[in-house]
Amino acid sequence: MKLDDCGKLFAPFQHGRLFVGFSGGADSTAALLVARRFQEIFHYRLTAIHFDHGLRGAESAAEAEAAQRFARNCAIEFRLVRLALSPGPGLESRARAARLDVWKELVRENPGSAVILGHHAGDRAENLLLRLARGSNATGLTSMRSRSEVDNVIFLRPLLGFARTEIEEFLHENGISEWARDSSNTENRFRRNLLRNRLLPEFYAKLPGSEAGLRHSLDVLELDAEFLEQEAERRFRELDGSAAFWRKLHPALLVRVLRLWFRAELGTDLIPPPELVRRLQSELNAPKPEPRLIPVHSGISLRLQGDTLQIAAAAALPRLIWKFDQETEIGFGPFRLRVEWLETFPVPPPDCTVALFDADRLPETLTVRAREAGDALIPFGGSKPVSLKKLRTGRGIPASTPCPVVTSPDGTILWAPLIRHTIHAPVTPETRRILRLRFIHARCAGREKYEQSPFPDLKKSSSDDKFELSVLQNKSTTRNGAMKKIDFEAHYYTPEIFTALEKNGMWNPQSKVLSMGKDCPLDMGKVPYVYKGLFDFAEQRLSEMDRFGVTKQILGCSPGIEMLSGPEAVELARKSNTRIAEVIRRFPGRFLGFAVLPVRDAEAAAAELKRCIQELGFVGVMTHSNYGDCYPDEERFAPIFDCMGALDVPFYLHPNGGSIDRLSGYGWQLGSAAFGFTIETLITIARMIYNGTFDRNPNLKMILGHYGEAMAVLLDRMDARASMVPNAPTVKSRHQPSYYFKNNIWVTTSGNFAPIAFEAAKRTFGMEHILFGSDYPYETMEESMTFLDRQPMTVEERNMLFYKNAEQFFNIV
7 MKLDDCGKLF
17 APFQHGRLFV
27 GFSGGADSTA
37 ALLVARRFQE
47 IFHYRLTAIH
57 FDHGLRGAES
67 AAEAEAAQRF
77 ARNCAIEFRL
87 VRLALSPGPG
97 LESRARAARL
107 DVWKELVREN
117 PGSAVILGHH
127 AGDRAENLLL
137 RLARGSNATG
147 LTSMRSRSEV
157 DNVIFLRPLL
167 GFARTEIEEF
177 LHENGISEWA
187 RDSSNTENRF
197 RRNLLRNRLL
207 PEFYAKLPGS
217 EAGLRHSLDV
227 LELDAEFLEQ
237 EAERRFRELD
247 GSAAFWRKLH
257 PALLVRVLRL
267 WFRAELGTDL
277 IPPPELVRRL
287 QSELNAPKPE
297 PRLIPVHSGI
307 SLRLQGDTLQ
317 IAAAAALPRL
327 IWKFDQETEI
337 GFGPFRLRVE
347 WLETFPVPPP
357 DCTVALFDAD
367 RLPETLTVRA
377 REAGDALIPF
387 GGSKPVSLKK
397 LRTGRGIPAS
407 TPCPVVTSPD
417 GTILWAPLIR
427 HTIHAPVTPE
437 TRRILRLRFI
447 HARCAGREKY
457 EQSPFPDLKK
467 SSSDDKFELS
477 VLQNKSTTRN
487 GAMKKIDFEA
497 HYYTPEIFTA
507 LEKNGMWNPQ
517 SKVLSMGKDC
527 PLDMGKVPYV
537 YKGLFDFAEQ
547 RLSEMDRFGV
557 TKQILGCSPG
567 IEMLSGPEAV
577 ELARKSNTRI
587 AEVIRRFPGR
597 FLGFAVLPVR
607 DAEAAAAELK
617 RCIQELGFVG
627 VMTHSNYGDC
637 YPDEERFAPI
647 FDCMGALDVP
657 FYLHPNGGSI
667 DRLSGYGWQL
677 GSAAFGFTIE
687 TLITIARMIY
697 NGTFDRNPNL
707 KMILGHYGEA
717 MAVLLDRMDA
727 RASMVPNAPT
737 VKSRHQPSYY
747 FKNNIWVTTS
757 GNFAPIAFEA
767 AKRTFGMEHI
777 LFGSDYPYET
787 MEESMTFLDR
797 QPMTVEERNM
807 LFYKNAEQFF
817 NIV
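Each residue of the sequence shown is one higher than the one before, starting from 7 at the first, in this note's numbering.
Pasting the structure below:
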């Protein structure tokens, strides 16, 4: 095989990281060998990822063992990922979705990385025919490309130009004659297998030259698609929010521009289905004065009013862990689920808004989540799984209705509210504890009786947009009534601060580079949404808060003022705090304030702190891990922290750019949030513990971002090793470090989207010591909320995270 084009694919990832989907079959083995060959040239880190879908028992285990052995013999890093899928309808699509979730997580944890897949020319032809049958356009027909991107994951397919026979010859040339052969690939009940094993071979045999013809058609189709996509991108840049813009688009461009719009606004690669495009065209060509909602997908709609077309998106729905015997009611989007215990054998439920269970046959916890592609259940009275989509369609329920499913911990669907009851844990005359679950719309939550369905809109109207409108009209009640969210880390700057930073050489308005420490430049021109968000207290900030249900933000000043000295710093801090107080008054109930202090003048800092707390009503202080050439743990700053202790207000210790020489020399990548922030802050935390800050002020509370800056995995070792020898004479702390994390220190969720970080913090500190922090606008509200929605928590744990800890420990309501 000629591999020159493969090198062009891998070159952009020089010194980066590449993952290879490695099943152990011929295709993925060849892809792994090709990637390893070019690793010697481009010096990227290479990892083989093997998925065990949990479907073939011993055969799967043997394949995983063989794949690991092969990778080890090739000196390639290997990782086994277990997916534990269940057989049933939609298995292929569920498996693809599960693998994509893993790829997204890996790429999120490794920015700039990509995924290599072993698809070859035969796979490309199969994909063409499958998508032809689905009615795809040229972009869909040629979706399997040498380089493509799905949900921010870059996929590389170096073998697309080669036939399966060429790949096997390549393996033999490299001394490999054995590879995994998945027995399920012979089962023609799967569509792709049917094409591969039977239909395509017969097609090629009956029509000589057709295999090469298909390849050529794919090549020219891809050129056509690329031209249309480029034109769509050009037109998308002209988007002005008017309905007139969309009316002028050719249908071939409209669907592509719509997809780009969804991707930009929603952060997901949502392909507009044909019925949506037809509905949109129909509505655009029939102007009406009243607003109309066009359902798109899972709580997302297009809102057409007059000559304006907008996206109306509800907040992401969470995955809830529900201890139903302890928590009698939970909220889910615009709905609520309520527990009722019955003593007598009841009348069967009149509809699917009520479900009955034998409580002793249920697991201790239930999971409540959004519907997913491929969901299926065994209906009451049935024996085989039925697609949830089919059941929903039969009930006339719009796809956009955000009703959940209730499952056991292993994923078995126990009930699909509004849609269908299941066979699981049925009530019988022998049942001792009868559990009745009610599914209630938020607007019906105060009613006592439910002889009739609490979903009149669904019963009376077959119109998707009417039901969707009722959901959207109730979302503010859900957000404000069901669960408050208090954001402890939200940053700002003021124009006066930037003027002072420019004067002191820390801000260059021409290059838009902000110097946050030694060799730690932040190019604001590359992150315009951050730059805009730092100065915005209304349009962008409040819009994001409303979109994701954030009730309040505590505004804290980003680094700068504390690095200045003299009257300039004192006056600047006073002006900034006064400005934030004005913002708080202007938007009552939406913002609170962390004071920024002129720390280099301890007396002036203490005076300003008292003014902020006693006169302006601020709730604490935002400070930083260093003040340029000095640190918060130094003795001269002790009076400031003693004043915080006396006033019983917390301080948020946020990282600043590197001040340590060893953190310079590699720019932003070493000295900043990528690495240096954590090191700087860890040192300051430890020094403040050992210098006795918290022993002098037992009530003083510290808040740390980013799940405690890695302290969750360091704390046990700190305790163990610190006690190996007697304390140094300078150590003034009376307890082990972990004591202060139980009594004086809380952490927030800001700026870290690794599930293992969340789990480590939960285990080490406990949910009562974790607060919600978005790190806005350095991180997007969407990424923060989407990540937290996916983490397994009980309803009570979510309440603690989002507002109860704030109320209990900080008196913030």
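C-beta: ideal position from N, C-alpha, C; glycine also.
| Check | Outcome |
| --- | --- |
| Give me, in chain order, the residues of the same chain whose beta-carbon lies closer than 8 Å to that of H3; leave out the 5 immediate sequence neighbours on both sides. | Only positions 7 to 819 of the chain appear in this structure, which leaves residue 3 out of reach. |
| Assuming the contact rule is C-beta atoms closer than 8 Å, F778 and L807 should be a hit. Round their C-beta distance to whole Å, please. | 6 Å |
| When the Cβ atoms of the segment 787-798 are set against those of the segment 729-747, are three or more pairs found closer than 8 Å? | no |
| Evaluate S549 with the Cβ neighbour count: other Cβ atoms within 10 Å of its Cβ, from every protein chain shown; 16 or more gives buried, anything less gives exposed. | exposed |
| For the alpha helix (DSSP H) holding M551, just list the boundary residues, first then last. | E545 to R553 |
| Can you have a look at R202 and say buried or exposed, based on whether 16 or more other CB atoms are within 10 angstroms of its CB? | buried |
| For L290 and D313, what's the separation of their Cα atoms in angstroms? | 9 Å |
| Among residues of its own chain, excluding the 5 on either side of P462, which ones have a beta-carbon nearer than 7 Å to its beta-carbon? | Its pLDDT being 37, under 50, P462 is placed unreliably by the model, and the measurement read from it follows with that caveat. Excluding positions up to five away in sequence, the list is empty. |
| Can you pull the DSSP bridge partners for N510? | Partner(s): none; N510 has no beta bridge. |
| Given that a residue counts as buried once 16 or more other Cβ atoms are within 10 Å of its Cβ, and exposed if not, what is Y535? | exposed |
| At the level of alpha carbons, what is the spacing between R151 and G623? | 58 Å |
| How about V753 and Y713: do their beta carbons lie closer than 8 Å? | yes |
| Within 10 Å of its beta-carbon, does L562 have 16 or more other beta-carbons around it, so buried, or fewer, so exposed? | Reading off the sequence, residue 562 comes out as Gly, not Leu. Buried, because 16 or more other Cβ atoms sit within 10 Å of the Cβ of G562. |
| Just to confirm before moving on: does the CB-CB distance between F48 and F16 stay below 8 Å? | yes |
| Are at least three pairs of beta-carbons, each pair with one atom in the segment 567-583 and one in the segment 486-506, less than 8 Å apart? | yes |
| Spatial neighbours of L260 within its chain, please: CB distance less than 7 Å, with the 5 preceding and 5 following residues excluded, ordered by chain position. | W252 and V283 |
| Can you have a look at W347 and say buried or exposed, based on whether 16 or more other CB atoms are within 10 angstroms of its CB? | exposed |
| Going by beta-carbon coordinates alone, are A379 and A101 separated by less than 8 Å? | no |
| Do three or more CB pairs link the segment 24-43 to the segment 167-175 at distances below 8 Å? | yes |
| Rounded to a whole number of angstroms, what is the C-alpha to C-alpha distance between S142 and F209? | 21 Å |
| Since I believe L106 is in contact with D157 (beta carbons under 8 Å), could you give me their beta-carbon distance rounded to a whole number of angstroms? | 7 Å |
| Just the Cα atoms here: how many angstroms apart are P645 and K538? | 36 Å |
| Name the one or two DSSP bridge partners that L615 has. | Looking at the DSSP assignment, L615 forms no beta bridge with any residue, so it has no partner. |
| Which term fits K748, buried or exposed, when burial requires 16 or more other beta carbons within 10 angstroms of its beta carbon? | exposed |
| Identify whether I306 lies in helix, strand or coil by the three-state DSSP scheme. | strand |
| Quick check: the Cα distance between I429 and I446, rounded to an integer number of angstroms? | 22 Å |
| For the structure I just gave you, are there three or more beta carbon pairs, one from the segment 715-727 and one from the segment 666-674, closer than 8 Å? | no |
| For the alpha helix (DSSP H) holding D701, just list the boundary residues, first then last. | T699 to R702 |
| For Y658, which beta-bridge partners are listed by DSSP? | M628 and I709 |
| Could you check the C-alpha separation between T148 and I300 for me, to the nearest Å? | 29 Å |
| Kindly indicate which three-state DSSP category C563 falls into: helix, strand or coil? | strand |
| Distance, Cα to Cα, D10 vs A679? | 38 Å |
| Grouping DSSP H, G and I as helix and E and B as strand, with all else coil, what is I666? | coil |
| From which residue to which residue does the beta strand (DSSP E) around D529 run? | P527 to D529 |
| So, do the segment 410-427 and the segment 371-387 have three or more beta carbon pairs nearer to each other than 8 Å? | yes |
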